[in-house]
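Worksheet: one structure, shown below.
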Amino acid sequence: MLDYPGVGPVFHLFSRTVYGQMEKDNLRNRRRHSFEFIRTRLLLLDFILANQVLAYFETEQDKVSFFCETMGVSKYFLPAKVYGGRPGSQSTVRYFVDKFPLFIAPFLSGAPPVVTFSYVDSGFQTPSAFLSHLAAYQGLFRQLATFRFLYIAAKDAYFRMAEERFRSLVKRPLESDTSAEISRYFQIRKKWDNHEYVVPVTEDLE
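Count along the sequence shown from 1, then add 76; that gives the number in our numbering.
What follows is the structure, given as C-alpha cells:
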C-alpha cells in the first residue's frame, strides 16, 4: 500500500492468482514497482479512460508493425533498448519500452488521421528524463512527414518547460533540416538552369 497525495491509499495488486483469472498472470504490471512507476501508470490510465475512442497501439508488436510495415520505417530508427542476457546468450532488443500512449487520432480541420506520441510526467522525473525520451524518438520523428506529440502531466506548471524543450530538441531541428533541403534543391536547380553540368553535385543527386 502506498499513500497517494491528494487521493489516499493506493493498493498494488500483484497476486498471480488475481491476474491468472484474467489470463494475465505474466503481465509485467503485476510485479512490485516503485511509487514513481505506479503514479505514472495511474496518470496513463486516467488519460486512456478519458479518451477511450482513440485507436491505441497496445503492444510492442503492434507499434513495430505499424511503423515498419505500414509506414515503411526501418527498425533502425525505432526507439529501442538492449537487454543483456545470461553469459553465453544473446542480448534482447525491445522497442517502445516506455509504453506511453501511442495512437492514431484525427487531425484538426478534418484532415487525415495522424500518428500521435506521448510522454507521461508523474512529477517525480528529472528534467533530463524528458530530454532522454525525446532523444530516443528523434530518429523516428525524422522519418515521419507529420506527427503529433502530447505531454501528459498532473500539473499545468510542467507544460511551459516541456514545450520549450520540445521546440529546442525536436521542432527547431526538424524545421532546420527541411529548410536546408529546400535550399539545396534550389542551388542544384540553379546550376542546372545555368548549364553548369560539370559542377560536382553527384552527392546531391544520389
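Beta carbons: idealized from backbone N, C-alpha and C, even for Gly.
- Contact check for leucine 178 against phenylalanine 133 passes: the beta carbons are separated by less than 7 Å.
- Here the alpha carbons of phenylalanine 172 and glutamine 137 stand approximately 10 Å from one another.
- Between the segment 148-167 and the segment 233-243 there are fewer than three inter-stretch CB-CB distances shorter than 8 Å, so the stretches are not counted as touching.
- Scanning Lys247, Tyr152 and Gly148 for the CA closest to the CA of phenylalanine 225 turns up Lys247.
- When the beta-carbon positions are compared, phenylalanine 223 and tyrosine 195 stay at least 7 Å from each other.
- Straight-line spacing of the CA atoms in arginine 115 and isoleucine 228 works out to 12 Å.
- Shown here, alanine 221 sits in coil according to DSSP, grouped into three states, outside any helix or strand.
- A direct Cα-to-Cα measurement between glutamine 214 and phenylalanine 193 gives close to 12 Å.
- Of the other Cβ atoms in all chains shown, 16 or more fall within 10 Å of the Cβ of leucine 210; this residue is therefore buried.
- If you ignore the 5 residues before and after alanine 181, its C-beta comes within less than 6 Å of the C-beta of Leu130 and Thr192, all in its own chain and listed in chain order.
- For valine 129, the three-state secondary structure derived from DSSP is coil.
- Scanning the segment 124-172 from its first residue to its last, the whole beta strand (DSSP E) runs of 3-plus residues come out as 156-159 and 168-171.
- Distance from the CA of serine 204 to the CA of aspartate 197, rounded to the nearest whole angstrom, comes to 12 Å.
- When DSSP reads this structure, isoleucine 114 sits in no beta bridge, so it has no partner.
- Residue pairing by DSSP leaves serine 198 without any beta bridge partner.
- Cβ neighbours of leucine 119 within its own chain (closer than 7 Å, five residues either side excluded): Val196, Ser198, Ile228 and Ala230.
- In the three-state DSSP reduction, alanine 230 falls in the coil class, being neither helix nor strand.
- Under the DSSP assignment, proline 182 falls in the beta strand (DSSP E) whose first and last residues are 179-182.
- Counting C-beta atoms within 10 angstroms of its own C-beta, lysine 151 has fewer than 16 neighbours from the protein chains shown and is therefore classed as exposed.
- Its chain contains Lys157 as the residues whose beta carbon lies nearer than 6 Å to that of arginine 170, once the 5 sequence neighbours on both sides are disregarded; these appear in chain order.
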